[in-house]
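Heads up, the thing below is written out as structure tokens.
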Amino acid sequence: MPPRTIKFRAATVAAVLVLGTTLLAASPQAGATEPAPVTDYCQGQCDDILPPGENGNATLVDILGNKAFGTHPKHSDDQLDRYNGLVAGQSGLTDQKLTDFFNDASFGVPKGQVESVTSPRDDVTITRDKATGVPHIKGTTRYGTEFGAGFAAGQDRLWLMDLFRHIGRGELTSFAGGALANQGLEQQFWPQAPYTEADLEAQVEYIKTHEGARGEQAMADAQAYVDGINAYRTKSKNGRYFPGEYVLTGKVDAITNVGEIQPFKLTDLISIASVVGGQFGGGGGGEVQAALSLLAAQQKYGVAEGTKVWESFRQREDPEAVLTIHDGTSFPYAGKPGKARGTALPDAGSVTAEPVIYDRTGSAGTDKKAPVKAPAALKKAQGIYDDGVIPEGSLPGSGTGAQKRGMSNALLVSGKNTASGNPIAVFGPQTGYFAPQLMMLQELQGPGISARGVSFAGVGMYIQMGRGQDYAWSATSAGQDISDTYAIDLCEPGGSTPTKDSTHYVYHGACTAMETLEHTNSWKPTVADSTAKGSYRMQVRRTNYGIVTHRATVGGKPVAYTSLRTTYRHEADSIIGFQMLNDPSYVKDAASFQQAASNIDYAFNWFYADSRTASYYNSGMNPVRAAGVDPALPVRAVRAYEWQGYEPVANTAAYTPFAAHPHSSGQDYYISWNNKQAKAYATAGFGLSAVHRGDLLDDRVAKLVEEGGVTRASLTRAMAEAAVTDLRGEQLLPELLEVIRSEPVTDPEVNDAVQQLESWRASGSQRRESSPGSHTYTHADAVRIMDAWWPKLVEAEFKPGLGDDLYGAMTVNVATDESPAASHGASGAHSGSAFQYGWWGFVDKDLRQVLGKPVKGPLARTYCGDGDAGNCRDAMLASLKQAVAQPATEVYPGDDNCKAGRQWCADSIVHRPLGGIGQKAVHWQNRPTYQQVVEFPAHR
């Protein structure tokens, strides 16, 4: 029995027994029986929000109206103003006013609030409410319930689902056009999860055959969901109310209706899952770049000292890092071994990236345009995709120089510290801002399913984050190390001398051919995308140790570096955990919630609240590594250094057990903002240090808990205040000012800037409008100075000591800044999420070392002014003077959404249009895209 199966059965034997007769309701022929009445134990104290609106489909007429007159289809933007309004409304927030800024997330639709009722089959109804248009799906059979979920997904997200199945399959340009951003997106995503159709089918079969009764049920549910999508696809096509993007991209003729919207199939869901899970639930990787920065440190300082310097920046186990589990419990995983074995550092200068693109023709690799002659009626929509269906960098983890994905936050307080005595949670995922949103709100009520919340479009068989009858749950990206890099020795089958270009490798002593996977994509201009005709072939090499990413030499011998993640070939296995979370007969308390979450294979932090307990569990397929292997660096690809129990065909291995994952119940409070989970749970990348955006939450929630009597409103205010706070101003400006104010500032212009920064810091370091709609920050000059100063001060502080090469290598590992106006963050400009990646902790430790203050886990050297306080001050003043002189038009250079120098606009959130409907820009908030505020007063 494969190790993956062992893990499942150990966690869920009881669940399979409970499932029992539920399988009888999986088929369309099963008899319809009215489900038992559902009791809503939240009693009006569950709220949620997902801007801009539920409706994500727009007909051609809708799109043309939006482009010509700015009109919006009903329910496409009716949650946007409430979401935006919390910026101004947070200070006077009370429990009674929460629904001014959130939806009532109670089950069902009250009498008098029903907008429409659709029954695509006799065994299911889709009821939409007047306020938001959210679908409330109620089925009398399991099949009917899931069919209804698929039908509703087609109603709300048909075009988006089509986009994402083509992104996952590496076919975006052929489907939507050859815009340069489309080329870049598929070139980034497909090599991370390249599959043949047979590979995708094998993953469906694996779930059916390796996950017991729940696996069979999951695939039956998925098939019903697909059937529902296809039913709507056919109905809307025949009725001519399908999304207008199909006309604009040349798929369907607007006059004759000739053309096809391709049917969906089960393997499309696997493809979509690979995009969603890979971007939000991945972890680890980047070992080649880490090795290059280590080599740069060793070259500058020598092997011993250079390694020490590198480790102090790598900060695998920073004792000052903010933790989710803060009670001292330790969960050792992926730490630095005492004596590493098998590490495979490349020879200096030998690393080259593996090419992905071959045989370019026409506009491939360029932005050459050749607009078609559009009919007069379509002129207003011409070129809507000229910059790509998803602009470069908009998806988390995508775009040039993007960091590893993260995002999402959670604040939970246990009942002993709340006014009611019941736990309170304010939590949700940050998934960027799109129109329509990547997720959709829905309620599912049927045999074995009872939940309301969000699901990613295309994989919405179950609620992925939301609430059940008497509990709620949510997640943040965890990012622990579930991916490794192997150095495989290259060979030639005839025994000749291999080169870096060899396409065979040594596997367990045999010279083995790499498998070649490829896609040929071609495109031509359409009304939507004017990119000129072109094509190319995408190719990757697959081995038993994963996908080839780089070539190099190690000790003079040619190798290929490969990337292997535990969830490869298991993109949808997590469906089992989500099925459990939706099942009221399974999740009954914190312990059963944790067991359900343990069946989710991607790296997430899961949070839970009912009327009695707040709880946490970290999920992920954490491999059991060979003793002595350093997971932070590439390792030799030999049997002795493989994951324990590794089997390459299905990519299975031994995984760390339930108890080894960080988990907790009943702690006084929990916060998460992609920070470190617990003691000894080593970080998978750079940047989890002494200052982290998690501190913005932790400091506020700790203060609330100390005061006691926490309410839903007070916890929401803490989140909302952190959402408009500049991390640098709150956490680092005091130390910077202490260095600068150690002597009088004699330059009047610089002194004036210092005073402005001090005033901003004293008022809370917020990036917030002076009044609603003013589009001007209260401390606009101070914010501009900080935005201009930060990158300059980091360079002035560290570059002289590290030198150009090492400083450059370290900034590739983690960018120096991620302010709201920056365009190099996790999901590009206008994305809301900010301050996750940066040199905040490095600056903090270094300045405290200069000031002679205690530092736990210090940097190996002191860099500012080479450790001299006076020289450090001079460097800070010089960089500040440069920042003061930099005009706003350079600090905020402008883009397609904003004119140069417009500070508020540069920060603002823009819902990137994935279809033909645009949305207005709104105030910056560093806040979950979908968010819940919950407090259950009762329990089953």
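Under numbering that gives the first Met the number 0, the residues of the sequence shown are numbered 0 to 939, in order. A virtual CB, placed ideally from N, CA and C, is assigned to each residue, including glycine.
Item to check | C-alpha distance - P936 paired with A230, whole-angstrom precision | outcome: Here residue 936 refers to the residue found at position 937 when the sequence shown is read from its first residue. Here residue 230 refers to the residue found at position 231 when the sequence shown is read from its first residue. Cα to Cα, P936 sits roughly 40 Å from A230.
Checklist entry - The beta strand (DSSP E) spanning A509 covers which residue range? => result Along the sequence shown, read from residue 1 onward, the residue named residue 509 stands at position 510. First-last of the beta strand (DSSP E) with A509: 509-512.
Checklist entry - Helix, strand or coil: which one does DSSP assign to G258? => result Taking the sequence shown and counting its residues from 1, one reaches residue 258 at position 259. The answer is strand: DSSP assigns G258 an E or B state.
Item to check | Neighbourhood of H774 by C-beta, 6 Å cutoff - its chain only, sequence neighbours within 5 removed | outcome: If you number the sequence shown from 1, residue 774 lands on position 775. These residues qualify, in order along the chain: W903.
Checklist entry - Whole alpha helix (DSSP H) runs in the segment 125-167 with 4 or more residues, listed along the chain? => result 141-167
Next on the checklist: Assuming R699 and P733 are in contact, meaning their beta carbons sit under 8 Å apart, how far apart are those beta carbons, in whole angstroms?
Outcome noted: Residue mapping note: residue 699 aligns to position 700 of the sequence shown, counting from 1. Residue mapping note: residue 733 aligns to position 734 of the sequence shown, counting from 1. Rounded, the Cβ-Cβ distance is 17 Å, inconsistent with contact.
Item to check | Inter-residue Cα distance where the pair is H507 and T58 | outcome: Here the question's residue 507 lines up with position 508 in the sequence shown. Here the question's residue 58 lines up with position 59 in the sequence shown. Their backbone Cα atoms lie some 57 Å apart in a straight line.
Next on the checklist: In the DSSP output, what is G945 paired with across the bridge?
Outcome noted: The shown model of the chain, from 0 to 939, leaves out residue 945, and the question about it has no answer.
Checklist entry - Residues bridged to D518 by DSSP? => result Here residue 518 corresponds to residue number 519 of the sequence shown, with the count starting at 1. Before going further, note that residue 518 is His rather than Asp in the sequence given. Paired residue(s): M537.
Next on the checklist: Would S663 and Y601 be called neighbours here (beta carbons separated by less than 7 Å)?
Outcome noted: Position 664 of the sequence shown, counting from 1, holds the residue named residue 663. Position 602 of the sequence shown, counting from 1, holds the residue named residue 601. Result no, Cβ atoms of S663 and Y601 do not sit closer than 7 Å.
Checklist entry - If we count Cβ pairs, one from each stretch, closer than 8 Å, do we get three or more for the segment 808-816 versus the segment 900-914? => result no
Item to check | Sequence-distant residues of the same chain with beta carbon closer than 6 Å to R926, five excluded per side | outcome: As a position in the sequence shown, residue 926 is number 927, starting the count at 1. Contacts found: A722.
Next on the checklist: Quick check on this structure: which residue in L411, V634, K299 has the alpha carbon closest to the alpha carbon of R340?
Outcome noted: Here residue 340 corresponds to residue number 341 of the sequence shown, with the count starting at 1. Of L411, V634, K299, the residue nearest in Cα terms is V634.
Checklist entry - To the nearest whole angstrom, what separates the beta carbons of E491 and I269, a pair I think is in contact under 8 Å? => result Counted from its first residue, the sequence shown places residue 491 at position 492. Counted from its first residue, the sequence shown places residue 269 at position 270. About 36 Å; that fails the 8 Å criterion.
Checklist entry - Out of curiosity, what's the CA-to-CA distance linking G494 and P190? => result Counted from its first residue, the sequence shown places residue 494 at position 495. Counted from its first residue, the sequence shown places residue 190 at position 191. If I take the Cα positions, the gap works out to 30 Å.
Item to check | For A941, the three-state DSSP class (helix, strand or coil) | outcome: Nothing about residue 941 can be read from this structure; the chain reaches only from 0 to 939.
Next on the checklist: Rounded to whole angstroms, what is the Cα-Cα separation between S118 and M160?
Outcome noted: Translated into positions along the sequence shown, residue 118 becomes position 119. Translated into positions along the sequence shown, residue 160 becomes position 161. Cα-Cα distance, rounded: 22 Å.
Next on the checklist: Since E794 and V842 should fall inside the 8 Å C-beta cutoff, what is the C-beta to C-beta distance between them, to a whole number of angstroms?
Outcome noted: By 1-based counting over the sequence shown, the position of residue 794 is 795. By 1-based counting over the sequence shown, the position of residue 842 is 843. In fact, because the Cβ distance is near 11 Å, the residues do not count as touching under 8 Å.
Checklist entry - Helix, strand or coil: which one does DSSP assign to F100? => result If you number the sequence shown from 1, residue 100 lands on position 101. Coil.
Next on the checklist: Here's the rule I'm using: 16 or more other beta-carbon atoms within 10 Å means buried, otherwise exposed. How should E196 be labelled?
Outcome noted: If you number the sequence shown from 1, residue 196 lands on position 197. Exposed: under 16 other Cβ atoms inside 10 Å.
Checklist entry - So A527 and T70 are in contact, right, with Cβ under 8 Å, and what is the actual spacing, rounded? => result Numbered from its first residue, the sequence shown carries residue 527 at position 528. Numbered from its first residue, the sequence shown carries residue 70 at position 71. With 8 Å as the limit, A527 and T70 do not qualify as a contact, their Cβ atoms being about 19 Å apart.
Checklist entry - Near V932, what residues of its chain come up, given a Cβ to Cβ distance below 7 Å and the 5 sequence neighbours on each side ignored? => result Numbered from 1 along the sequence shown, position 933 holds the residue referred to as residue 932. Once the five neighbours on either side are set aside, the close Cβ partners of V932 are D46, L97, F101, V425, R711, T715.
Checklist entry - Straight-line CA distance for K919 to T328? => result Residue 919 sits at position 920 when you count from the first residue of the sequence shown. Residue 328 sits at position 329 when you count from the first residue of the sequence shown. Looking at the two C-alpha atoms, the distance is approximately 46 Å.
Item to check | Backbone secondary structure at M903 - three-state DSSP | outcome: Here the question's residue 903 lines up with position 904 in the sequence shown. Sequence check: residue 903 is Trp here, not Met. Reduced to three states, the DSSP call for W903 is helix.
Checklist entry - H135: which of D76, R127, F834 sits nearest, CA to CA? => result As a working mapping, residue 135 is identified with position 136 in the sequence shown. The shortest Cα separation from H135 among D76, R127, F834 belongs to R127.
Next on the checklist: Just to confirm my understanding: we take G554, look at its own chain, exclude 5 residues before and 5 after, and list those with CB closer than 8 Å. What are they?
Outcome noted: The sequence position of residue 554 within the sequence shown is 555, counting from 1. Only D346 meet the Cβ criterion.
Next on the checklist: Considering only the alpha carbon of each residue, which of S591, P435, D267, A87 lies closest to H165?
Outcome noted: Along the sequence shown, read from residue 1 onward, the residue named residue 165 stands at position 166. Of the listed residues, the one whose Cα sits closest to H165 is D267.
Item to check | CA nearest to the CA of I254, picked from A376, A551, K110, L735 | outcome: Position 255 of the sequence shown, counting from 1, holds the residue named residue 254. Out of A376, A551, K110, L735, A376 has the C-alpha closest to the C-alpha of I254.
Item to check | Cβ-based neighbour list, P583, same chain, cut-off 7 Å, excluding 5 preceding and 5 following | outcome: Mapped onto the sequence shown, residue 583 falls at position 584. The answer, listed in chain order, is S449, G467, Q468.
Item to check | Same chain only: Cβ atoms within 6 Å of H922, ignoring 5 sequence neighbours per side | outcome: As a first step, residue 922 must be located in the sequence shown, where it is residue number 923. For H922, where only same-chain residues beyond five positions count, the Cβ hits under 6 Å are N83, V86.
Item to check | 7 Å Cβ cutoff met for M460 and E145 | outcome: For the purposes of this step, residue 460 is taken as the residue at position 461 of the sequence shown. For the purposes of this step, residue 145 is taken as the residue at position 146 of the sequence shown. Going by C-beta atoms, M460 is nearer than 7 Å to E145.
Item to check | Residues bridged to A440 [DSSP beta-bridge criterion] | outcome: As a first step, residue 440 must be located in the sequence shown, where it is residue number 441. Reading off the sequence shown, one finds Leu at residue 440, where the question assumed Ala. Partner(s): V453.
Checklist entry - Would N416 pass as a contact of D94 if the rule is Cβ separation under 7 Å? => result Counting from one through the sequence shown, the residue named residue 416 turns up at place 417. Counting from one through the sequence shown, the residue named residue 94 turns up at place 95. Against a cut-off of 7 Å, the Cβ pair of D94 and N416 comes out as no contact.
Item to check | Within 7 Å, strictly: CB atoms of C92 and K379 | outcome: For the purposes of this step, residue 92 is taken as residue 93 along the sequence shown, with counting starting at 1. For the purposes of this step, residue 379 is taken as residue 380 along the sequence shown, with counting starting at 1. Reading off the sequence shown, one finds Leu at residue 92, where the question assumed Cys. It is not a contact, given that the beta carbons lie outside the stated cut-off.
Checklist entry - Taking Cβ positions, are D697 and I670 nearer each other than 7 Å? => result Position 698 of the sequence shown holds residue 697. Position 671 of the sequence shown holds residue 670. Taking 7 Å as the Cβ cut-off, D697 and I670 qualify as a contacting pair.
Checklist entry - What's the C-alpha gap between R313 and G684? => result Stepping through the sequence shown from its first residue, residue 313 is reached at position 314. Stepping through the sequence shown from its first residue, residue 684 is reached at position 685. Each residue's Cα considered, the two are about 7 Å apart.
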